[in-house]
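So the sequence shown is numbered by the working numbering: it starts at 53 and just counts up by one. Virtual Cβ for every residue (Gly too), placed ideally from N, Cα, C. Here the structure comes first, spelled out in structure tokens, and everything after it is commentary.
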Amino acid sequence: MADSRGYTARAPGFSINMAGVFQHMGTLFGLAAALAIGVGIALWSLKPSYTPVFNSMSGRDATEMVDALRSSNIPYQIDEKSGLVLVPTDQAQQARMQLSSAGITEGSAEGLEILRKDSSLGTSQFIETARYQHALETELSRSISSMRNIEAARVHLAIPKQSVFVRNQSQTTASVLLKTKPGRSLEDGQILAIVNVVASGVPYLEASRVTIVDQFGRLLSSRTSDENMGLTRSQFDYSRQVESEYTQRIESLLTPIVGYGRVKAEVNAEIDFTTNEAMLETFTPANDKIRSEKVQETQSNNALGAAGVPGALSNTPPAGASLTPETAEDETKTTGNSSRSTMRNYELDKTIRRTRQAQGTLQRLSVAVVVDDHVVKSKKGGKEQRTPLTPEEIERINNLVKEAIGFREARGDSVVVLNSAFQSEEIVEKVVQEPIWKQAWVWSAIKQVAGAGVVLFILFGIVRPALRSYVNKTPAGAADVAGAKGTLAIAGNTQAALTRNQDPSQLPAPLHVYGDILNMARAMATDDPKRVAKVVKDWVGDDG
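What follows is the structure, encoded as structure tokens:
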């Protein structure tokens, strides 16, 4: 019975102590878990964000990059999906500078640097030629990639071997693959510039044999192959430039008069791009100055010779004719011929004029100007009061515009000035910016704020209340030391109160601290030892 009574007496205290131990252990495990979660979130929020050093790298370049970063003591990570090398965002520029000093850049394929390497004695001429061609392709790719709106470029050259023994040589050709930046496109001028860069950098390569293709498989070089179309585009650009200069001239002249943003002008310029060439040769009328004169005279004298009857077959005199004897006077008669010719050369002025009309001759100007009303803000309420321009003001503006553009009525120029009320709302040009939620610093700030909030919630919402409740409870070791005595003291106090028919609501609050229970038990035993003994006897009797 004694063992049974002792076991039974100690059993309630033992069960209560084990429950307290399990409760305290659960509290401790909960606190540990909360602290672990808080520390993990804090470390996650303080972890720096990583960004790629370069967006495109080959495997060999990535290996060299990792070695250079490791030697520079710069932390790095490798993205498992893309294979890019990542570094902390705040150290990205430093990492790029370190890599550049080591000769590693984005798309850092070896160009002409490959020629600096020592060649082995057994290197063939074919290898040397292929190495030089690869270096040339790489250098051209670098030059093209540095242009605006181009993200990457690759150049392929087909250079046939030149020989003096071949009559018909194969032509050198080139193909260029371009990768433009997202949302960007290339202008015709840029494409023509790329064609000329490649053609000028490769021997025996004509511009017409350069092919340019973008990443979508579209042929871009065909837009620059037609010279006439290229000339038309340049003429169009020149016309727009002339019109823009006249427009700026008009607006800058009228803005101080009517106010900023209260005048709009449009100019249409008709320009003649034809080329005319004329050659004119003129002579000044004759004057009195003789340059040279040539006079030629011819004269011949002949004596009278034999003569007969016309149609006679011989010199026999006609029948019945009588001969008249010649006298001395007849013997002296002669016949002659004379001529005179004169050729004079006068001084003449000769003028040869060769005229060639240049392209881009201005044929006609058409100008339209719109001017806003006079706007005056009232002192009360700040409302705008508009007043139209007077005809005199419009005429004055018209004259100013004519003088600004060099108005020529013979050329057919026209100027129209109109007064009209502009919209009162100010039109503000919106600058396209990257959304704030896409910026890197926003996510970093959100991560840090969220981590700090979770840590504060764990500390003040879980850890602090748990520690406060734990302090107010009896420690597990104290409960074991108290044993049955503490239980008996509490039970005795409760039993005594119930024996006196005291209201249960007026019972003293439970005491959980071992020192308080022990002191109260001693005080009760000193004040009323008989009652304490009776309570103990009642317990023993109940157990029996």
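If you count every other CB in all the chains shown that lies within 10 Å of the CB of residue i, and 16 or more means buried, which is it?
i, result
"ILE404", "exposed"
"GLY311", "exposed"
"MET331", "exposed"
"ILE342", "exposed"
"MET77", "exposed"
"TYR298", "buried"
"ALA473", "exposed"
"GLY503", "buried"
"SER273", "buried"
"ALA585", "exposed"
"VAL592", "exposed"
"ILE179", "exposed"
"GLN143", "buried"
"VAL207", "buried"
"MET117", "buried"
In the structure shown, what three-state DSSP assignment does residue i receive?
i, result
"ILE202", "strand"
"VAL506", "helix"
"LYS402", "strand"
"GLN558", "Note that GLN558 scores a pLDDT of 47, beneath 50, so its modelled location is shaky; the value from the coordinates is reported in the next line. Helix at GLN558."
"VAL584", "helix"
"ILE196", "helix"
"SER101", "coil"
"GLN214", "coil"
"GLN411", "coil"
"SER344", "strand"
"ILE126", "coil"
"GLN351", "strand"
"ARG270", "coil"
"LEU136", "coil"
"ALA577", "helix"
"ARG236", "coil"
"ALA531", "Annotation note: pLDDT 43 at ALA531 (below 50); position unreliable, coordinate value reported separately. ALA531: helix per DSSP, three-state reduction."
For residue i and residue j, what's the separation of their Cα atoms in angstroms?
i, j, result
"GLN411", "SER393", "55 Å"
"LEU192", "GLY90", "55 Å"
"ARG292", "SER304", "18 Å"
"LEU452", "ILE302", "9 Å"
"ALA317", "THR442", "19 Å"
"ALA12", "GLN150", "Nothing about residue 12 can be reported from this structure: the residues present for the chain run from 53 to 596 only."
"LEU570", "ALA577", "11 Å"
"LEU511", "ASP131", "35 Å"
"PRO234", "ILE498", "28 Å"
"HIS426", "ARG463", "34 Å"
"LEU257", "SER496", "53 Å"
"PRO308", "VAL315", "10 Å"
"SER152", "ASN220", "46 Å"
"PRO517", "PHE106", "50 Å"
"LYS454", "VAL422", "15 Å"
"ARG122", "ALA187", "29 Å"
"THR181", "GLU189", "12 Å"
"ALA88", "GLY513", "15 Å"
"ASP324", "GLU295", "14 Å"
Tell me the residue span of the beta strand (DSSP E) that contains residue i.
i, result
"THR334", "328-335"
"ALA321", "315-324"
"GLU607", "Since the first residue shown for the chain is 53 and the last is 596, residue 607 is missing from the structure and cannot be characterised."
"GLN223", "Segment: none, GLN223 is in no beta strand (DSSP E) and carries neither H nor E."
"LYS435", "Careful: LYS435 lies outside any beta strand (DSSP E) and carries neither H nor E."
"VAL515", "First-last for VAL515: undefined, no H or E at that position."
"SER466", "466-471"
Between which two residues does the alpha helix (DSSP H) holding residue i run?
i, result
"PRO443", "443-457"
"SER252", "240-253"
"GLN150", "144-153"
Measure the beta-carbon distance from residue i to residue j and round it to whole angstroms, keeping in mind my assumption that it falls under 8 Å.
i, j, result
"ILE202", "VAL228", "Between VAL228 and ILE202 the Cβ distance is about 10 Å, and since that is not below 8 Å, they are no contact."
"ALA94", "VAL507", "5 Å"
"ALA210", "THR232", "Incorrect: roughly 24 Å between the Cβ atoms, too far for contact."
"ASN389", "SER352", "5 Å"
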